[in-house]
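**Student:** In the numbering used here, the protein residues as written are 350 to 629. Beta carbons: idealized from backbone N, C-alpha and C, even for Gly. Small disclaimer: the values here were computed from a predicted structure and weren't measured.
#1: If the criterion is Cβ atoms closer than 9 Å, does the pair residue 528 and residue 588 meet it?
#2: Note down the Cα distance separating residue 513 from residue 557, rounded to an integer number of angstroms.
#3: Do residue 502 and residue 547 have their CB atoms nearer than 9 Å?
#4: Please report how far the alpha carbon of residue 478 lies from the alpha carbon of residue 552, in whole angstroms.
#5: Taking the C-alpha atoms as reference points, what is the distance between residue 584 and residue 562?
#6: Please specify which runs of the beta strand (DSSP E), each continuous and at least 3 residues long, are wholly inside the segment 427-476, giving them in chain order.
#7: For residue 383, list the residues DSSP reports as bridge partners.
#8: Pop quiz: residue 536 and residue 498 are said to be a contact at Cβ under 8 Å. What is the actual Cβ separation, rounded to whole angstroms?
#9: Mapping DSSP to helix, strand and coil, what is residue 372?
#10: I'd like to confirm the pairing. Which residues does DSSP put opposite residue 576 in its beta bridges?
#11: Measuring CB atoms only, is the segment 454-470 touching the segment 420-428, in the sense that at least three cross pairs come out at less than 8 Å?
#12: Using the three-state DSSP reduction, which class does residue 506 fall into: helix, strand or coil?
#13: Helix, strand or coil for residue 542, going by three-state DSSP, please let me know.
#14: Give the secondary structure of residue 478 by DSSP, where H, G and I count as helix, E and B as strand, and everything else as coil.
#15: Taking residue 491 as part of the beta strand (DSSP E), name the residues at either end of that continuous run.
#16: Cα separation between residue 541 and residue 493?
#17: Please classify residue 524: does DSSP put it in a helix, a strand, or coil?
#18: Quick check: what's the CA-CA separation for residue 616 versus residue 430?
#19: Please name the residue, chosen from 545, 515, 438 and 369, that lies closest to residue 417 on a Cα-to-Cα basis.
#20: Could you check what DSSP says for residue 500 in three-state terms: helix, strand or coil?
#21: Note down, in chain order, each residue of its chain lying with its Cβ closer than 7 Å to the Cβ of residue 581, except the 5 sequence neighbours on either side.
#22: Can you tell me which of the three DSSP states residue 511 falls into?
#23: Taking 6 Å as the limit between beta carbons, can you name the residues of its chain near residue 386, skipping five residues before and five after?
#24: Among 504, 593, 455 and 510, whose alpha-carbon lies nearest the alpha-carbon of residue 522?
Right, here's the structure in full:
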């Protein structure tokens with residue numbers, strides 16, 4: 350209810366919030382809103398935004414919620430039966446799904462709006478499942494998906510199906526240096542990232558675009574050493590809470606100059622580098 354944060358003053362177009370969908374038990378939340386957009390037939394762009402984990406306790410959330418594989422689309426002939434995703438992530442998405450679908454269909458009954466989906470951390474996994482579900486279950490196409498610090502969400506068949514549907518080419522999966530969260534759950538547990546990765550170095554002076562495989566050897570995987578299939582090198586939680594010139598979590602509304610010299614320098618670099626690299 351408080352929009353006084355410096356990030357919201359002047360730089361962000363007015364978002365008309367249509368619905369705030371939440372689950373208090375699992376501390377899940379998503380916004381559905383819209384902007385005026387002359388380029389779409391309906392005159393509006395729809396935004397579906399998923400909040401990440403509260404207090405960034407993503408690892409505990411993964412353990413508590415469950416990373417066993419489930420097959421939610423067995424009855425859908427458009428999806429291979431071997432397609433699996435993490436049970437906890439799908440459970441999180443399913444808690445918010447009814448409210449989100451209701452809001453989207455009320456905003457756009459004729460399917461004329463462009464839809465954009467975004468999320469950070471666990472919210473990134475839910476954004477990916479939302480994009481997949483809208484496409485295969487509701488026959489609603491998402492124009493673009495943007496995720497930040499996203500976990501692996503499903504198996505390689507899920508990633509391949511996502512790619513074959515043309516969803517990967519419209520999905521920008523952003524990773525930042527030694528953010529540990531994109532390394533979970535581990536590939537040894539049969540998890541595989543969706544494409545396409547956009548990997549930034551620590552101070553945002555370099556960017557790498559993935560090869561389309563989802564597990565690009567030259568992206569974040571190139572600096573995250575593993576032992577027994579588990580990440581042992583990318584363990585910097587501050588990289589998880591700093592994306593695209595913004596700090597996430599409870600420190601997000603602290604002005605950059607007050608966040609310490611290192612963060613301030615990183616933000617200044619990010620502001621210039623991102624401006625050039627994300628004009629895609």
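**Tutor:** With the given structure in hand:
#1: Contact flag set, yes.
#2: Answer to the nearest angstrom: the Cα atoms are 23 Å apart.
#3: Annotated as distal: residue 502 and residue 547, with beta-carbon spacing of 9 Å or more.
#4: Approximately 30 Å between the Cα atoms of the pair.
#5: Between residue 584 and residue 562, the C-alpha separation is close to 23 Å.
#6: Within the segment 427-476, the complete beta strand (DSSP E) runs of at least 3 residues fall at 463-469.
#7: DSSP lists 365 and 395 as partners of residue 383.
#8: For a cut-off of 8 Å, the C-beta gap from residue 536 to residue 498 is around 18 Å, too long to register as a contact.
#9: Looking at residue 372 - three-state DSSP - the assignment turns out to be strand.
#10: BP columns for residue 576 point to 579.
#11: No, they do not touch.
#12: The answer is helix: DSSP assigns residue 506 an H, G or I state.
#13: Three-state DSSP puts residue 542 in coil, outside helix and strand.
#14: The answer is helix: DSSP assigns residue 478 an H, G or I state.
#15: Per DSSP, residue 491 belongs to no beta strand (DSSP E) and is neither H nor E.
#16: Using only the alpha carbons, I get a separation of about 20 Å.
#17: Correct three-state label for residue 524: strand.
#18: Any reading at residue 616 needs caution, since the residue's pLDDT is 48, under 50, leaving its predicted position unreliable; the model's value is listed next. Answer to the nearest angstrom: the Cα atoms are 44 Å apart.
#19: Residue 438 holds the alpha-carbon nearest to the alpha-carbon of residue 417 among 545, 515, 438 and 369.
#20: The three-state secondary structure of residue 500, taken from DSSP, is coil.
#21: Same-chain partners within the cutoff: 574 and 575.
#22: Note: residue 511 maps to helix in three-state DSSP.
#23: The residues are 393 and 394.
#24: Of the candidates 504, 593, 455 and 510, the one whose C-alpha sits nearest the C-alpha of residue 522 is 593.
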